[in-house]
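Going by full-length UniProt numbering, the first residue of the sequence shown is number 1, and it counts up by one from there.
From the three backbone atoms N, C-alpha and C, an ideal C-beta is built for every residue, glycine too.
Presented below is the structure to which this report refers.
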Amino acid sequence: MGKPVLMDFYAEWCGPCHQQSPIIDKLKQKMGDQVEIKKIDVGIDSEQTRQYAARYDIQFVPTLVIEKDGALIRKLVGVQSLETLESILKPLVGQ
Numbered sequence: 001m002g003k004p005v006l007m008d009f010y011a012e013w014c015g016p017c018h019q020q021s022p023i024i025d026k027l028k029q030k031m032g033d034q035v036e037i038k039k040i041d042v043g044i045d046s047e048q049t050r051q052y053a054a055r056y057d058i059q060f061v062p063t064l065v066i067e068k069d070g071a072l073i074r075k076l077v078g079v080q081s082l083e084t085l086e087s088i089l090k091p092l093v094g095q
């Protein structure tokens, strides 16, 4: 089984995204390589960004998507606390 993946959909112009970023950094420090973290800048127009945005129906930023083994676990819109993210991710580690 693979490790959980947290995708952080953000944009440089987004104020709440700048609030979410240090929380994601703390999460990475606490959980290390138990969780794969991908930051996806939806402000950059690329084929990959469009595919991600369409696949996960990204309409607002920040949006966090958590997957495990390719299955969607949670989609969270808005700034999320470290505690919330840990409570979702910790049970997925080592499954």
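Short of 6 angstroms from the beta carbon of GLU12, and not among the five residues preceding or following it, lie these beta carbons of its own chain, in chain order: GLY43.
By the criterion of a C-beta distance shorter than 7 angstroms, VAL79 is surrounded in its chain by PRO16, GLN19, GLN20 and PRO62, once the five residues flanking it on both sides are discounted. About 10 angstroms separates the Cβ atoms of LEU64 and LEU27, ruling out a contact at the 8 angstroms cut-off.
By the C-beta density criterion, LEU92 is buried, having at least 16 other C-beta atoms within 10 angstroms. DSSP places LYS3 in the coil class of the three-state scheme, outside both helix and strand.
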